[in-house]
Structures are given as C-alpha cells and as structure tokens.
Amino acid sequence: MSQLIHILPAITVLVAALALMFMSMYEKKFTVKNYIWVASIFLVVALFMSLVPFGDLYSARPYNSIFNDVLIFDSFSNFFNVLLIAGTILTLLIGEHYFQHRSYFKGEFFSILLFALFGMMLLANSNELVTAYIALEIASFAVYVMVGYNSDDKLRVEAIFKYLVLGSFIGAFYLLGVVLVFGATQTTNLSEIATYIANNQGGDLALLYIGLTLILFTFLFKIAAFPFQSWVLDVYRGAPMIITAYMASTFKIAIFSFFLRAVLQDIAPMIDFWDGIIYAIIIFTLIFGTWLAITQQIIKRMLAASSVVHTGYLLLAFISLGQNIHAAYATVFYLIAYLISALGAFGIISHIISQTKVRITYDDFKGLAKERPFLAAAMTIFLFSLAGIPGTIGFIGKFYVFTEAINAGFMSLVILAILATFVSVYYYLKLIAMMYFYPTKEECVSNDFNDKRISTYAIAFLAVATIVGGIGNAVVFFMPSLNIDTLIDLTQISIQSLFIK
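Heads up: the sequence shown begins at 46 in this note's numbering, then just goes up one per residue.
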C-alpha cells in the first residue's frame, strides 16, 4: 500500500482521461458542463492523494521490478505533480464559461487535456531519457491537438502546423542526443549516467557533451528561449485562449521539472560547460523578448512575448545552478509565481471574451475599470506581479532569482534582467492605463454580461494568492501554512529529495 500511494495520482489522471474518452462516445447524453465536472472531480481526488505525502522528504522507486528504474517518485516529483494538477484544475474552472460558449468543444477535448496532464506528470517522474521523451511527446501531441482543435479557424490551423512541424523537428534533436549519450555511456538511465560521469571525470566525455547539448536544444525550444522562440507569438495567438494560458503556465512547469532533475541530480559536474551558451541565450532572450512585447498591440501577443522575457529570468536562475544550489529553490519558486500570475492574466482575457470577440487590443480594454471594476482590479494585480511590483508574488520571485544570480557571480546578467523588468513596467502599465484612464469604447460595452460564475471565483482565488504570496508574512502571520516562508521551505524539501541515495 505504501508503494501504491505514490503512483495513484498519475493512475487517477489516466483513468479520468479514459473515462472522459468513453463518455465522449455518447455525445448527446452529456453537456460540456458534465465533462468539466467529471474531470474536476477526478483531478481533486488526484490532488488530494498527492497532498498525502506533500511536505515529507522521501525518495522511492515503487514496483521497481516492473518499472525497471525508469520512474522515480520523490518529494520533487510530488511537488511538481501538485502544481501540475492544481494548474489543470484552475484552467478548467477559469475556462468553464469559455468552453460552454464555444460549440466546437466536445467531450474528447477534456480527455485530451487530461492525457496532456498525464504526460506532464510522467515527465516529472522520469528517471530515464527515453521514458522522458515518451512522456514529453504524450503531453506535446495532446497540446498540439488542443491548439488546433477548431479546424474551421484558419489561425488555429496555422498554429497547429507551425507548432507540430517545429516540435517534431526539435524532437529529432532529442532522439539524436539520446543516441549519442547511449553511445558514450551504454545507458539512458539518468542514475547510471551520473555514475558514469563520476567515474570518468578525467576521461574523454566529448560524445556525451554533444548528446546532452542536443537534448538541451529541446529544452530551450519547449520553454521558448532565443533562438527557438519564433513559434510562440503565432501559436499562442492562434490557440484557444484558455489553452494559451495552459501552455504558458502549466506546460512550462512540466518542462522544467524534468530538466531540473537531470541537471541537479545527474549531470551537475558537467553543467559549467554550457555557461557560455546559456549566458548568450539569456542576453538575446531578454532583449528580443522585450522588443517583441513592446511592439505588440494585441494583448494576447503581448503576454506571449512577455513569456519569452520570463523565460530569460528562469534561465538566469538556471545558469546559476552550478555555483549555487539555492538557485534551484529560486527557480522552483519563480515557476510557482509565474504559474499563478500568467494563468490569472490569460484567464481573465478568456473570461472576458467568453461571450464576445472584443477585448483584443489595448484600445479594446479602454474603460474596463468603469464597466467591470473587479476584473480590472484582478488584471492589475496579475500585471503588477508579472512586472515584479512589490507586494506581489512576482516581486518575491524576481528578487529571489536576482539575488541567487548575484551570489553566483552573474552581476552583468542581473543588471540586464533588471533593465528588462523596468521596460516591462511600460507595456504592463500601458494596459492598466487603458483600463482606468480612458472612456469605454461603445462596441466593447456589454451590459448583460454575468460575472457570477465559477471562472470569476477561480480568478479571485488566483488574485488573492498573488497578493498573499507577496505580503503573506505581514498579513497572515497567524496562519503559518500560508506564509511565504512555508512555500520556500516546501521548495527546498523538494530539491533536497533529489540527493537522497
């Protein structure tokens, strides 16, 4: 039973995906709301089971005779599973009204969403390169399908083809890297690769370096770092709004879960080799992402471009891992901050446009604060967090990342990142100014819009979490479980489990 508890969350998600798939065969008997509730119930059960060992320091390999050491279940993977499941639940709740008012959403869509989650959870637990590739492709192909789900929309079709072709191309790099790694080490198991590296420090590791570099390219593509960011604007713009939110937040966390494990647990002695490459990539990612964000007029594209900038911040923590283990804590914490803020910002836009196609550009958001003050206030909170304004979880995340990067000796990169943060205040505050200081456009007025729905409460929850994450210690000191220090302690426990032998 102690072994079963570790694999139950992933099994529950898989069973839910299959159940929704079979339900979709009887389309006339179920509504979109039914599918959302069934998916949410299964996910809440999976979340509850993940929370049972949450906060404990452990590392286990249950049913190892079956899994053959390709999967590892520890505090690290469980921490990410909680984030992934929570992100999926919030995506469903925020998109509830959006899904119901788009006739093309059917039951199989929600099955595909849970298959994507299953792939991400498998990725977080992967201890072997081929298993990680299979998990990554399960999640990626599910996301491809969701991006182009409405085949009648030419933007959807363009987005899925661009994402599918580029994603398949970069997947070939990953497989080639795995082949080279196997050729050098005679294994694809991460633990055995770590042993090989430890035993051959003075030997010729050129083939292993080349293979791992090719795998690194896949990582950089999936997180949209320069020069692999070309797909982001068109894919994020073409995808359904709520799927854009899911890709920008939850999917990015899943990618980091595996690569953080590989770097910290297995190839730590080698990571300094890529410092020069990642150093240059961070510079171009911050500069190019900032330029893209400034030049956008469509809000969805602006948020997509800003996600490239946030990738630069995450890579700043990533490059610091070789010199400072605390950078790992900063990376995980920043992923949490970005999950909350990005899901909230994208979610509000999907909430607003769920009954209308307006509210697309900056001008369309003029006067929103007068028309719908709650949504404008929530959007302001999320934008403040993305910009790193004090009092929000985004500020704590940036402060944490910048501090650890300085400690690791990357002062020049931190200065550039701070400059990028100052510039980001412009394009985020520009939207806030439109909402509060301009009259409403007549074509955007919606008097019969009902905000009393599930997505409103989900957005309110994220807004509160954004504030509590920024000033939690000051206002909820009487509830230690909500303190920011508690969240940081949980991230530290998750990282420490990687080093349990």
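Heads up, the beta-carbon is just placed ideally off N, CA and C, and yes, glycines get one too.
Spatial neighbours of residue i in its chain, beta-carbon cut-off 6 angstroms, leaving aside the 5 residues before and after
{"i": "I426", "result": "A508, T511"}
{"i": "I260", "result": "Y219, G222"}
{"i": "I451", "result": "V459"}
{"i": "M480", "result": "F410, L413, A414, A421"}
{"i": "L181", "result": "L168"}
{"i": "L257", "result": "none"}
{"i": "F155", "result": "L65, Y80, A84"}
{"i": "T437", "result": "F429, S430, T511, G515"}
{"i": "L337", "result": "A350"}
{"i": "I326", "result": "A270, F271"}
{"i": "A55", "result": "M166"}
{"i": "S104", "result": "D119, S542, I545"}
Limits of the unbroken alpha helix (DSSP H) element including residue i
{"i": "V90", "result": "77–96"}
{"i": "E141", "result": "141–145"}
{"i": "D279", "result": "277–283"}
{"i": "A387", "result": "371–398"}
{"i": "P54", "result": "49–68"}
{"i": "T289", "result": "286–291"}
{"i": "R417", "result": "Neither: R417 is in no alpha helix (DSSP H) and is coded neither H nor E."}
{"i": "S302", "result": "297–306"}
Sequence-distant residues of the same chain with beta carbon closer than 7 angstroms to residue i, five excluded per side
{"i": "I1", "result": "Residue 1 lies beyond the stretch modelled for the chain, which goes from 46 to 546, so this question has no answer here."}
{"i": "P525", "result": "Residue placement at P525 cannot be trusted, given a pLDDT of 45 that sits under 50; what the coordinates show is reported in the next sentence. Excluding residues within five positions, the ones whose Cβ falls inside 7 angstroms are T531."}
{"i": "E72", "result": "K151, G152"}
{"i": "D279", "result": "E203, A204, K207"}
{"i": "Q342", "result": "T406, Y407"}
{"i": "A519", "result": "The pLDDT assigned to A519 is 48, lower than 50, so where the model puts this residue is not dependable; a value taken from the coordinates is nonetheless given after this. So the list is empty, once near-sequence residues are dropped."}
{"i": "L102", "result": "S120, I538, Q541, S542"}
{"i": "L253", "result": "V226, A229, T230"}
{"i": "A362", "result": "A372, A375, T376, Y379, V446, E449, A450"}
{"i": "K78", "result": "Q145"}
{"i": "Y108", "result": "Q48"}
{"i": "L549", "result": "Limits of the chain in this structure are 46 at one end and 546 at the other, which puts residue 549 out of reach."}
{"i": "I499", "result": "L138, E141"}
{"i": "L535", "result": "G100, F124"}
Identified DSSP bridge partners for residue i
{"i": "F118", "result": "A105"}
{"i": "E173", "result": "N234"}
{"i": "T406", "result": "I343"}
8 angstroms CB neighbourhood of residue i in its chain, flanking five on each side removed
{"i": "W82", "result": "none"}
{"i": "V58", "result": "F87, L88, A91, I130, L159, L162, F163, M166"}
{"i": "G132", "result": "Y291, S294, T295, I298, L384, L388"}
{"i": "F523", "result": "Because F523 carries a pLDDT of 43, less than 50, the predicted location of this residue cannot be relied on, and no value is offered for it."}
{"i": "A61", "result": "V83, A84, F87, L88, A91, L159"}
{"i": "I393", "result": "L420, A423, M424, F427, I504"}
{"i": "Y178", "result": "G216, Y219, L220, V223"}
{"i": "L476", "result": "I344, M347, Y407, F410, M424, L428"}
{"i": "G454", "result": "Q368"}
Near the ligand FMN: residue i beta-carbon under 6 angstroms from a heavy atom
{"i": "Y219", "result": "Absent from the structure shown: the ligand FMN. Ligands present: none."}
Decide yes or no for the touch test of the segment 161–179 against the segment 51–60: beta carbon pairs closer than 8 angstroms, at least 3 of them. yes
Taking 8 angstroms as the threshold, find out whether the segment 304–321 comes into contact with the segment 434–443 through three or more Cβ pairs. no
Contiguous beta strand (DSSP E) assignments of at least 3 residues, all confined to the segment 213–268: List check, beta strand (DSSP E) in window: nothing returned.
Do the segment 412–429 and the segment 326–337 meet, that is, are 3 or more Cβ pairs less than 8 angstroms apart? no
For the segment 427–464, which segments carrying the alpha helix (DSSP H) assignment without a break, of at least 4 residues, lie completely within its bounds, in sequence order? 438–452
So does the segment 271–289 actually touch the segment 363–374, counting three or more Cβ pairs closer than 8 angstroms? no
Quick check: the segment 340–358 against the segment 464–479, are there 3 or more CB pairs under 8 angstroms? yes
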